[in-house]
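Undergrad: This is the structure I want to talk about, given as structure tokens.
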Amino acid sequence: MDLAGTAQQLSGLESRLEDQDHRLDQFAQALQTLLNRTAPTPVEVLPPVNPPPSEPFSVPTSSPNLLPPVRYGGDPNACRGFLNQISIHFELTPWSYPTDRAKIAFVINHLTDKALRWANPLWETDKPIVYNYREFMSAFRRVFDPPGRKTNAAKSLLRLRQGTKSLGDYALEFRSLASELNWNNEALVAVFSEGLNDELQDEVAARDLPEELEDLITYLSYIDERLRHRRNTKDRSKKPLVRPLPRFSVPLLPESHPPPEPMQLDSTKLPDSERQRRRREGLCLYCGLGGHLLKGCPKRPQGPPGNSCLSAFRGQLLGTFPSSPKLENRLRVPVTLSWESSRNPVQLYALVDSGAADNFIDIGFARKHAIPLVEKKTPLLVQAIDGRPLETPFCFVRNSEHFCWDRTLS
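Per full-length UniProt numbering, the very first residue in the sequence shown carries number 1; after that it's consecutive.
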């Protein structure tokens, strides 16, 4: 390679690079001059109410989890809540509805009933209002959110009373109505205090109350809660203490079989063998004679009409009360028994049982003291603790006391 030729080429390239650098400098100077000539005088400019976005929306990777607005049917009382839901939805998801028409379409899609009937003609005839979100919402408010709302809120606030509601519930209704109005703190405190129930007003009559509404609500909520707690405590103390009935086992005693004769005062029911014999031979189950059945037995005592659940057989009630320290805890009253043929009155204690079906005396005690026995013509139904008539002799032992009785007593 010719070194002289190479050196000449390098020298030419160097000259051309220097020429390009010089031209770039000239271009930069000319551009700066143009910028200086067109730069405006800096002034303070307020942003517009709804400034257009300077750059396209960038969709975030995770959008907020919003529930769709509740469908609105035209109720004036629900208009404010519906408009707030729409506003929140557009504010947190601006990329979803970039144009006014898209926003209006979203609103109409959540209308029903008379609200939808109002918007349908506007959309179907392609009115200019469906391209301007601000004008559409202004017309919507004029129809469904009339200016009389504040007047109605003021009347409702003046009529509001606590009554039996808790102070928290009363304060919630009060705040909801007060938010519609521009009343000052003094007026709100006066109206709120006037609506308190008599019990709470009497409680705080001699106290210095907070002047600010929120402080007053907090203070009265504490007092109201204490009053309600005290009232509930007093109500519980007035209620009788109901104790569960004790549970105990019921050991059945061996059944004794009396002779197959008409029932006496202290006899038990017919044995199974005698009952089967009388049925087999067509005899009366009560007197053992033929010619009639139990229902038509002339010797059978007749109970009151309609009381078909009474037993056809008279039974007995047995009870023994041995000496036991546990009996000292029972409610007993001193009793003196005397009758025409008695020589000496009998002194004893009677056990008071508030759950007993009637007053009873042990037949063994009656025989021991020669107390005259009179047959009871109408059987007495003996019921169990649950109120049902006893179907079989019922025996139990509790606290060294032994009891046994048939289902009916004569």
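Ideal Cβ positions, reconstructed from N, Cα and C, are used throughout, including at glycine. None of the values given here were measured: they were computed from a predicted structure.
Tell me the DSSP bridge mates of residue 337?
TA: Position 337 of the sequence shown, counting from 1, holds the residue named residue 337. Note: residue 337 sits in a beta bridge opposite 346.
Undergrad: For residue 285 versus residue 277, is the C-beta spacing smaller than 7 Å?
TA: Taking the sequence shown and counting its residues from 1, one reaches residue 285 at position 285. Taking the sequence shown and counting its residues from 1, one reaches residue 277 at position 277. It is not a contact, given that the beta carbons lie outside the stated cut-off.
Undergrad: So, using beta-carbon positions, are residue 220 and residue 167 closer together than 7 Å?
TA: Position 220 of the sequence shown, counted from the start, is the residue given in the question as residue 220. Position 167 of the sequence shown, counted from the start, is the residue given in the question as residue 167. Yes; because the gap between Cβ atoms is below 7 Å, this pair is in contact.
Undergrad: Taking the alpha-carbon of residue 149 as reference, which of 228, 70, 334, 79 has the nearest alpha-carbon?
TA: Taking the sequence shown and counting its residues from 1, the one referred to as residue 149 is at position 149. Answer by Cα proximity: 79.
Undergrad: Give the DSSP bridge partners of residue 351, in chain order.
TA: Your numbering for residue 351 matches position 351 in the sequence shown. The partner list for residue 351 (beta bridge, DSSP) reads 332.
Undergrad: In angstroms with no decimal places, state the Cα-to-Cα distance between residue 300 and residue 344.
TA: Position 300 of the sequence shown, counting from 1, holds the residue named residue 300. Position 344 of the sequence shown, counting from 1, holds the residue named residue 344. So the two alpha carbons sit approximately 36 Å from each other.
Undergrad: Could you tell me how far apart the beta carbons of residue 474 and residue 209 are, in whole angstroms, since I believe they sit closer than 8 Å?
TA: Lying before the first or after the last residue shown, residue 474 is absent from the chain, which here runs from 1 to 410.
Undergrad: For residue 72, name the three-state secondary structure that DSSP assigns.
TA: In the sequence shown, the residue the question calls residue 72 occupies position 72. Looking at residue 72 - three-state DSSP - the assignment turns out to be strand.
Undergrad: Do residue 114 and residue 81 have their C-beta atoms closer together than 7 Å?
TA: Residue mapping note: residue 114 aligns to position 114 of the sequence shown, counting from 1. Residue mapping note: residue 81 aligns to position 81 of the sequence shown, counting from 1. No, they are not a contact pair.
Undergrad: Considering only their Cβ atoms, is the gap separating residue 101 from residue 72 smaller than 7 Å?
TA: In the sequence shown, residue 72 corresponds to position 72, counting from 1. In the sequence shown, residue 101 corresponds to position 101, counting from 1. The answer is no: Cβ separation not under 7 Å.
Undergrad: Taking DSSP as the reference, what is the three-state secondary structure of residue 31?
TA: The count along the sequence shown starts at 1 and reaches residue 31 at position 31. Helix at residue 31.
Undergrad: Which stretch, first to last residue, makes up the alpha helix (DSSP H) that contains residue 166?
TA: Taking the sequence shown and counting its residues from 1, the one referred to as residue 166 is at position 166. Careful: residue 166 lies outside any alpha helix (DSSP H) and carries neither H nor E.
Undergrad: Could you tell me which uninterrupted beta strand (DSSP E) segments, each at least 3 residues in length, are contained entirely in the UniProt domain "Retrotransposon gag" (106–198), listed from first to last along the chain?
TA: Segments of the beta strand (DSSP E) lying fully in the UniProt domain "Retrotransposon gag" (106–198): there are none.
Undergrad: Quick one, are the C-beta atoms of residue 181 and residue 154 less than 7 Å apart?
TA: The residue labelled residue 181 in the question sits at position 181 within the sequence shown. The residue labelled residue 154 in the question sits at position 154 within the sequence shown. Yes; because the gap between Cβ atoms is below 7 Å, this pair is in contact.
Undergrad: For residue 89, count neighbouring Cβ atoms within 10 angstroms of its own Cβ and tell me buried if that reaches 16, exposed if not.
TA: Looking up residue 89 in the sequence shown gives position 89. That one is buried.
Undergrad: Measuring CB to CB, does residue 350 end up less than 7 Å from residue 374?
TA: Locating residue 350 in the sequence shown gives position 350, where the first residue counts as 1. Locating residue 374 in the sequence shown gives position 374, where the first residue counts as 1. Result no, Cβ atoms of residue 350 and residue 374 do not sit closer than 7 Å.
Undergrad: Do residue 227 and residue 188 come within 7 Å of each other at the CB atom, strictly closer than that value?
TA: Your numbering for residue 188 matches position 188 in the sequence shown. Your numbering for residue 227 matches position 227 in the sequence shown. Not in contact: residue 188 and residue 227 (Cβ atoms no closer than 7 Å).
Undergrad: Do residue 104 and residue 136 have their beta-carbon atoms positioned less than 7 Å apart in this structure?
TA: Numbered from 1 along the sequence shown, position 136 holds the residue referred to as residue 136. Numbered from 1 along the sequence shown, position 104 holds the residue referred to as residue 104. In this structure, residue 104 lies closer than 7 Å to residue 136 by Cβ.
Undergrad: For residue 174, does the count of other Cβ atoms within 10 angstroms reach 16, so buried, or fall short, so exposed?
TA: For the purposes of this step, residue 174 is taken as the residue at position 174 of the sequence shown. Answer is buried; the Cβ neighbour count reaches 16.
Undergrad: Helix, strand or coil for residue 300? Go by DSSP, reduced to three states.
TA: For the purposes of this step, residue 300 is taken as the residue at position 300 of the sequence shown. Note: residue 300 maps to coil in three-state DSSP.
Undergrad: If you reduce the DSSP assignment to three classes, tell me which class residue 359 lands in.
TA: In the sequence shown, counting from the first residue as 1, residue 359 sits at position 359. In this structure, residue 359 counts as coil in the three-state DSSP scheme.
Undergrad: First and last residue of the alpha helix (DSSP H) that includes residue 273?
TA: For the purposes of this step, residue 273 is identified with residue 273 of the sequence shown, where counting begins at 1. Here the alpha helix (DSSP H) through residue 273 covers 272–281.
Undergrad: Let me know if residue 222 comes out buried or exposed under the rule of 16 or more other beta-carbons within 10 Å of its beta-carbon.
TA: In the sequence shown, counting from the first residue as 1, residue 222 sits at position 222. Exposed, because fewer than 16 other Cβ atoms sit within 10 Å of the Cβ of residue 222.
Undergrad: Output needed for residue 283: all residues of its chain with C-beta closer than 7 Å, excluding positions within five of it in sequence on either side, in chain order.
TA: As a position in the sequence shown, residue 283 is number 283, starting the count at 1. Closer than 7 Å at the Cβ level, and outside the excluded window around residue 283, lie 289, 290.
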